[in-house]
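J.:
Residue numbers (the UniProt record's numbering): 1 to 646.
(1) Can you name, in chain order, every residue of its own chain whose Cβ lies under 7 Å from the Cβ of residue 363, other than the five neighbours on each side?
(2) To the nearest whole angstrom, what separates the beta carbons of residue 446 and residue 408, a pair I think is in contact under 8 Å?
(3) Please report the straight-line C-alpha distance between residue 424 and residue 436, rounded to a whole angstrom.
(4) Quick one, which of 97, 492, 618 and 357 has its alpha-carbon nearest residue 135's?
(5) Ordered along the chain, which non-local residues of its own chain (more than five positions away) have a Cβ less than 6 Å from that of residue 440?
(6) Among 398, 484, 285 and 147, which one has its Cα closest to the Cα of residue 316?
(7) May I ask which residues mark the beginning and end of the alpha helix (DSSP H) holding residue 93?
(8) Do you know offhand how far residue 630's Cα is from residue 132's?
(9) From residue 578 to residue 591, what does the alpha carbon distance come to, in whole angstroms?
(10) Quick one: Cα of residue 552 to Cα of residue 537, how far?
(11) Just to confirm my understanding: we take residue 81, look at its own chain, exclude 5 residues before and 5 after, and list those with CB closer than 8 Å. What are they?
(12) I need the straight-line Cα distance from residue 2 to residue 28, nearest angstrom please.
(13) Beta carbon of residue 187, beta carbon of residue 175: below 8 Å?
(14) With a 10 Å radius around its C-beta and 16 neighbouring C-beta atoms as the bar for buried, classify residue 118 as buried or exposed.
(15) Quick check on the burial criterion: 16 or more other C-beta atoms within 10 angstroms. Buried or exposed for residue 457?
(16) Buried or exposed: which applies to residue 656, given that a residue is buried once 16 or more other Cβ atoms fall within 10 Å of its Cβ?
(17) Would you check if there are 3 or more beta carbon pairs closer than 8 Å linking the segment 488-495 to the segment 204-214?
(18) If you follow the beta strand (DSSP E) that residue 499 is in, where does it begin and where does it stop?
(19) Would you say residue 322 and residue 336 are within 8 Å of each other, going by their C-beta atoms?
(20) Can you tell me whether residue 476 is buried or exposed? The criterion is at least 16 other CB atoms within 10 Å of its CB, across all chains shown.
(21) Alpha carbon to alpha carbon, how far is residue 450 from residue 636?
(22) Could you tell me how far apart the beta carbons of residue 194 and residue 202 are, in whole angstroms, since I believe they sit closer than 8 Å?
(23) Exposed or buried, which one is residue 344 when buried takes at least 16 other CB atoms within 10 Å?
(24) Exposed or buried, what is residue 95 when buried is set at 16 or more other beta-carbons lying within 10 Å of its beta-carbon?
(25) What's the C-alpha gap between residue 468 and residue 141?
(26) Could you give the uninterrupted runs of the beta strand (DSSP E) lying entirely in the segment 429-473, keeping only those of 3 residues or more?
(27) For residue 480, which option in 33, 74 and 160 has the closest C-alpha, if you only look at C-alpha atoms?
(28) Is DSSP giving residue 66 helix, strand or coil here?
(29) Please classify residue 316: does DSSP put it in a helix, a strand, or coil?
(30) How about residue 23 and residue 7: are their beta carbons less than 8 Å apart?
(31) Could you check what DSSP says for residue 134 in three-state terms: helix, strand or coil?
(32) Considering residue 322, what are the terminal residues of the beta strand (DSSP E) in which it resides?
(33) List the whole-angstrom C-beta distance separating residue 60 from residue 48, where the pair is believed to meet the contact cut-off of C-beta under 8 Å.
(34) Can you name, in chain order, every residue of its own chain whose Cβ lies under 6 Å from the Cβ of residue 332, other than the five neighbours on each side?
(35) Which runs of the alpha helix (DSSP H) spanning at least 4 residues fall entirely within the segment 183-250, listed in chain order?
(36) For residue 137 and residue 184, I'd like the C-alpha separation in whole angstroms.
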């Protein structure tokens, strides 16, 4: 069932065109991502679909009874209620039904009703119908569902009585997301839902959304998250959208293949066009060949020549260098306690950082990761313990809050004031590498978006030429393309990096060591993020085995009782995986066949011959239909595999 159709939607703000002829379709149970550069129009499109803003022309078609839930990127949650009462407000209809059931129970216990067979039968029938409806619609489990979702969003029973007005901005956003998930709209629209979530909460949300009963439309810059959740990607670029089937990684592969194919087809057409133009130019004035030249000129005029394929949009281009190298020992943190008062946020922090290492600091929100970075650069004083600094260290610090990028100072002056010895042309050149060109450099800082402020902060960081970079959530506010540019710049950086990030893809590419921070200490893991996750699971399994003979015996009994079920599940999983691999091979073969026919249709001797074009076009349509059918089969197999593995 189609839950959303966007047909030829146009939107402009004044003279600036944002969206042009946008087409998009979402079906029941689809998991759809909108991807594209900051400013491409993704959030604008979500606001149009949700009815937050108007559009200039086109159609938005949804079933009348469809329920829609929308989480904005910059959400506010104003309520005087407690956390629990606010969540229960979703289920007011269940409370009413409960009260009605209690009233009917009282009537059935009333002697006047009980002794009146007709009246009693009437009340009993009403009670049975209401009770069945109450059960089928989730009346007996809504409180359990509420506790489960609140727990997933890091709200525990001791938090339930807290008033919402006392929560931080990040907590309010998480609670708003929890409320949206509890209401279970048929179309769930999420704009950057991973903001303010730590890694544990992210993992929970991924698993929840995989099994969500409705359709999902998401904007996110978290590549790991997109790969786990979505099955369809719409790219928003140059005011239009284009559909790709599969997760984010498959979208990148398909986009690259399509661009390569388009370039080949364009080059081939341009070669043919050049030959025709040359023939016409040489033979038009000669009496013996003028008719043939005129014929070819008509072909040139009538043929719809392919436009040059659009390459990637302009990207930032920068790198980080150092003025001088530090010593081999960069940091030695011993028994450190950190915090903002006498009460430490975290204690017993110990780790070492060596030259050219890239250390990722991980841990739940509120454990003190940002506080630790500020303590290392001496913005905060340690409450206990020591930090030993190596020789020749020059720190460069990236603040996730962008605390220093406020006010009405111009972008140009933000850099120029720090480096007055550099001329204006060179400052503009540096800003140009971070996508600030022309009058963009004369914008006041207060008018910049989060992504633009991030690029200014990175430009300032690059100019410092520090040999140790402390980065606090450097990928926040960056679009997917800018994240990749930053990753490549940091991979080539000849200095040392200590960073905090919730971006698991970023950590995997960059980290050579992971330090997990808790309230009572630190644990080192010598590897990237995937190694850290694998090692943690391994340690938890060993801990469970060491729990004692009783636990081991209980585990053995449980294993024995479920061994047959496990064997069957593994057998089914292997069968499904084989079927999935067969479907993938079939899809690749169909892709090749489609590409071959499309190449044939671009050849002048074929596309000019109506009799040759028709059977090829018919074959192409059949192949595309088969591709669509096989893709549906592959997606269904993926869902079954996830269910078996889950």
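Beta carbons: idealized from backbone N, C-alpha and C, even for Gly.
T.: With the structure as the only source:
(1) 369, 516, 517 and 518
(2) 6 Å
(3) 14 Å
(4) 97
(5) none
(6) 484
(7) It spans 92-109 - the alpha helix (DSSP H) in which residue 93 sits, taken as one unbroken run.
(8) 40 Å
(9) Distance from the CA of residue 578 to the CA of residue 591, rounded to the nearest whole angstrom, comes to 20 Å.
(10) The predicted model places residue 552 with a pLDDT of 48, which falls under 50 and marks its position as unreliable, so this point remains unresolved.
(11) 89, 163 and 164
(12) 6 Å
(13) no
(14) exposed
(15) Buried.
(16) Nothing about residue 656 can be reported from this structure: the residues present for the chain run from 1 to 646 only.
(17) No: the two stretches stay apart, fewer than three of their Cβ pairs being nearer than 8 Å.
(18) 496-500
(19) no
(20) By the 16-neighbour rule on beta-carbons within 10 angstroms, residue 476 is buried.
(21) 38 Å
(22) Their Cβ separation, rounded to whole angstroms, is 6 Å, which keeps residue 194 and residue 202 in contact under 8 Å.
(23) buried
(24) exposed
(25) 52 Å
(26) 468-472
(27) 33
(28) coil
(29) coil
(30) Between residue 23 and residue 7, the C-beta spacing is below 8 Å.
(31) helix
(32) No beta strand (DSSP E) holds residue 322; DSSP gives it neither H nor E.
(33) 7 Å
(34) 352 and 388
(35) The DSSP assignment places complete alpha helix (DSSP H) segments of no fewer than 4 residues inside the segment 183-250 at 199-210 and 223-229, in order along the chain.
(36) 12 Å
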